[in-house]
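*Asks:* In the UniProt record's numbering, the protein residues as written are 1 to 206.
If you scroll down you'll find the structure; I have some questions about it.
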């Protein structure tokens with residue numbers, strides 16, 4: 001355990017040179033996004049199975065009430081629909097973000113979205129991020145997005161979140177400088193290599 005902690009420390013220290021200049025991308029203002037996190041866009045409620053906005057297909061989760069929750073347990077709705085539940089430990093290697101998917105917490109959902117962006121060369125950010133709702137968008141002027149909300153917002157003990165709607169299609173180019181690719185994240189990916197070889201070359205990471 002001591003060797004693992006030392007290796008992790010070595011990784012983080014080594015990667016300090018790969019700072020914001022290397023893994024940084026200036027955020028762009030996204031027209032129409034609400035960076036203040038206010039409730040002015042609360043009208044964007046889920047009511048249809050799919051929408052077509054200016055030719056863009058949007059997948060949505062049908063819901064029968066206006067509270068943004070399902071009237072049932074986490075995995076099953078009132079029609080007997082089983083929703084997939086994201087397992088951070090097992091699924092983070094290749095996140096598949098689908099409408100209806102459940103997450104144990106908002107942090108788990110945000111990390112899954114960031115990881116999706118890292119692996120696919122997109123910078124994912126969160127212009128809407130409050131106690132009940134979360135919107136993930138691509139940093140470029142892109143049609144990709146995810147809307148999610150608390151499954152049971154009136155139950156403070158239930159921290160489950162669910163993807164309510166999304167457009168999985170990108171209309172932007174991929175990026176190769178990504179603010180979500182941090183030194184700490186890279187260190188975690190290469191930790192085992194540094195444990196095996198503390199002299200692992202920095203050039204091998206680039």
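All residues carry an ideal CB built from backbone N, CA and C; glycine is no exception.
It should be emphasised that the depicted structure is a prediction, and the values quoted were computed from it without experimental measurement.
State whether the region 139-159 contacts the region 87-96, with contact taken as three or more CB pairs (one from each stretch) at a distance under 8 angstroms.
*Replies:* Counting Cβ pairs under 8 angstroms, fewer than three are found: no touch.
*Asks:* For residue 115, which residues from the same chain have a beta carbon less than 7 angstroms from its beta carbon, with the 5 sequence-adjacent residues on both sides left out?
*Replies:* Here residue 115 corresponds to residue number 115 of the chain shown, with the count starting at 1. If we look at residue 115 and ignore the five residues flanking it on each side, its Cβ neighbours are 92 and 95.
*Asks:* Return the Cβ separation of residue 162 and residue 102 in integer angstroms, given the expectation that the two are a contact with Cβ distance under 8 angstroms.
*Replies:* What you label residue 162 is simply residue 162 of the chain shown in a count that begins at 1. What you label residue 102 is simply residue 102 of the chain shown in a count that begins at 1. Rounded, the Cβ-Cβ distance is 5 angstroms, consistent with contact.
*Asks:* Could you tell me the alpha carbon to alpha carbon distance between residue 112 and residue 106, rounded to whole angstroms?
*Replies:* On the chain shown, position 112 is the one that residue 112 refers to. On the chain shown, position 106 is the one that residue 106 refers to. Cα to Cα, residue 112 sits roughly 10 angstroms from residue 106.
*Asks:* Cutting at 7 angstroms between CB atoms, please list the residues of its own chain near residue 86, excluding the five before and the five after it.
*Replies:* The count along the chain shown starts at 1 and reaches residue 86 at position 86. Result list for residue 86: 101, 102, 103, 108 and 112, in chain order.
*Asks:* Using only the alpha-carbon positions, how far apart do residue 136 and residue 160 sit?
*Replies:* One-based indexing of the chain shown puts residue 136 at position 136. One-based indexing of the chain shown puts residue 160 at position 160. Roughly 17 angstroms between the two C-alpha positions.
*Asks:* Starting from the Cα of residue 156, find the closest Cα among 132, 83, 164 and 186 and give me that residue.
*Replies:* Taking the first residue of the chain shown as 1, we reach residue 156 at position 156. With distances taken between Cα atoms, residue 156 lies closest to 132.
*Asks:* Using only the alpha-carbon positions, how far apart do residue 81 and residue 198 sit?
*Replies:* Here residue 81 refers to the residue found at position 81 of the chain shown. Here residue 198 refers to the residue found at position 198 of the chain shown. Cα to Cα, the separation comes out at about 49 angstroms.
*Asks:* Could you tell me which whole alpha helix (DSSP H) segments of length 4 or greater appear in the region 152-190?
*Replies:* The region 152-190 contains these whole alpha helix (DSSP H) runs: 183-189.
*Asks:* List the endpoints of the continuous beta strand (DSSP E) containing residue 106.
*Replies:* Position 106 of the chain shown, counted from the first residue, corresponds to residue 106. Unbroken run through residue 106 is the alpha helix (DSSP H), 106-120; no beta strand (DSSP E).
*Asks:* On the DSSP letters alone, give me the boundaries of the alpha helix (DSSP H) that residue 90 sits inside.
*Replies:* Counting from 1 along the chain shown, the entry for residue 90 is found at position 90. 88-91 is the extent of the alpha helix (DSSP H) around residue 90.
*Asks:* Closer than 7 angstroms by C-beta to residue 11: which residues in its own chain qualify, once you throw out the five before and the five after it? Chain order, please.
*Replies:* As a working note, residue 11 is residue 11 in the chain shown. Caution applies to residue 11, whose pLDDT of 44 falls short of 50 and renders its modelled position unreliable; the model cannot decide the point.
*Asks:* Among 122, 130 and 110, which residue has its Cα nearest to the Cα of residue 171?
*Replies:* Taking the chain shown and counting its residues from 1, the one referred to as residue 171 is at position 171. Nearest option by C-alpha distance: 122.
*Asks:* Between the Cα of residue 119 and the Cα atoms of 175, 141 and 139, which residue gives the shortest distance?
*Replies:* Translated into positions along the chain shown, residue 119 becomes position 119. Minimum Cα distance to residue 119 is reached at 175.
*Asks:* Rounded to the nearest angstrom, what separates residue 166 and residue 126 at their Cα positions?
*Replies:* On the chain shown, residue 166 is found 166 positions in, with the first residue counted as 1. On the chain shown, residue 126 is found 126 positions in, with the first residue counted as 1. The straight-line gap from Cα to Cα measures roughly 14 angstroms.
*Asks:* For residue 153 and residue 196, what's the separation of their Cα atoms in angstroms?
*Replies:* In the chain shown, residue 153 corresponds to position 153, counting from 1. In the chain shown, residue 196 corresponds to position 196, counting from 1. C-alpha separation (whole angstroms): 46 angstroms.
*Asks:* Compute the Euclidean distance between the alpha carbons of residue 158 and residue 151, then round it to the nearest angstrom.
*Replies:* Within the chain shown, the letter at position 158 stands for residue 158. Within the chain shown, the letter at position 151 stands for residue 151. The alpha-carbon atoms of residue 158 and residue 151 are separated by roughly 8 angstroms.
*Asks:* Looking at C-alpha atoms only, which residue of 99, 124 and 169 is the closest neighbour of residue 180?
*Replies:* By one-based count along the chain shown, residue 180 stands at place 180. Comparing Cα-Cα distances from residue 180 to each of 99, 124 and 169, the minimum goes to 124.
*Asks:* What does the alpha-carbon distance come out to for the pair residue 83 and residue 134?
*Replies:* As a working note, residue 83 is residue 83 in the chain shown. As a working note, residue 134 is residue 134 in the chain shown. In a straight line, the C-alpha of residue 83 is about 19 angstroms away from that of residue 134.
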